[in-house]
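So the numbering used here is basically just the index in the sequence shown, starting at one, shifted up by 832.
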Amino acid sequence: MSKNPLTLIIDTNKFNGTNYTDWLRNVKIVLDFENQGHVLDKPLPTALPERSSPEKRLTFEKWLEDNRKVRSIILASMTNEIQKQYDRLDDVPSIMLRMKEVYAAPDRDTRYAAIKAFFGTKMTEGSCVQSHGVKMLSLVEKLEDLKAGLNNDTYINMILQSLPSSTTRLLLTTT
């Protein structure tokens, strides 16, 4: 792996069994920087026939090398106890599938928690509107990623509803 300044993220946020979503996001950031994110979910290519073209052989060897590097990054980003559960698996997609089965929260639960956070967030009187807006937009992005099925009008209405009444009156009179 090249000198990636982002590996500090993984070093300081090791997977411990309770932080799967955050850990996965950090791993994806690092692998995206390394142009190796494709290894996470693409299955191991089948063995090459004897008379494969040089291009196919090169592609296969590149995938094997990327898999080796990504596997090392993933294992290094885990606590020792969790490493022992996955260090016998050779390909990254197998590791990721098993981790998802064991540690990922079911989509329904994740969506529910995100929707609850979005609908329950209220800005306190006198706090920074910009900070609140950034927080709400980050929740909107999370809901979009989770395919929560809310439309733009709902997002806008809920963001406006999350503001204190003094701010809402000001916004409605200036539009």
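Glycine included, C-beta positions come from ideal geometry on N, C-alpha and C.
A quick note: this is a predicted structure, and the numbers were derived from the prediction, not measured.
Legend entry - DSSP three-state assignment for M931, whether helix, strand or coil: helix
Legend entry - Neighbour-count burial assignment, I905, 16 or more Cβ in a 10 Å radius: buried
Inset, instruction - Counting only runs of 4+ residues fully inside the segment 844 to 932, write out the alpha helix (DSSP H) ranges in chain order. - result: 852 to 865, 886 to 908, 912 to 918
Legend entry - Touch test, the segment 854 to 873 against the segment 885 to 893, Cβ-Cβ under 8 Å, three pairs minimum: no
Legend entry - D898 classed as buried or exposed, judged by whether at least 16 other C-beta atoms fall within 10 angstroms: buried
Legend entry - Environment of R903 [buried if 16+ CB atoms lie within 10 Å]: buried
Legend entry - Through-space distance from L896 to D923, alpha-carbon basis: 9 Å
Legend entry - Enclosing alpha helix (DSSP H) for E976 [first to last residue]: 961 to 977
Legend entry - Assigned exposure category for L971 - 16 Cβ within 10 Å defines buried: buried
Legend entry - S994 burial status per 10 Å Cβ neighbour count (16 or more: buried): buried
Inset, instruction - Look at the alpha carbon of E933 and the alpha carbon of K948, and state the distance between them as a whole number of angstroms. - result: 24 Å
Inset, instruction - Determine the burial state of V961: buried for a count of at least 16 other Cβ atoms within 10 Å of its Cβ, exposed for fewer. - result: exposed
Inset, instruction - Counting only the same chain and skipping the five closest in sequence on each side, list residues whose C-beta sits under 6 Å from that of E957. - result: P996
Inset, instruction - Give the range of the alpha helix (DSSP H) segment to which M955 is assigned. - result: M955 -> no alpha helix (DSSP H), and no H or E assigned at all.
Inset, instruction - Measure the Cβ-Cβ separation of G869 and K860 and say whether it is below 8 Å. - result: yes
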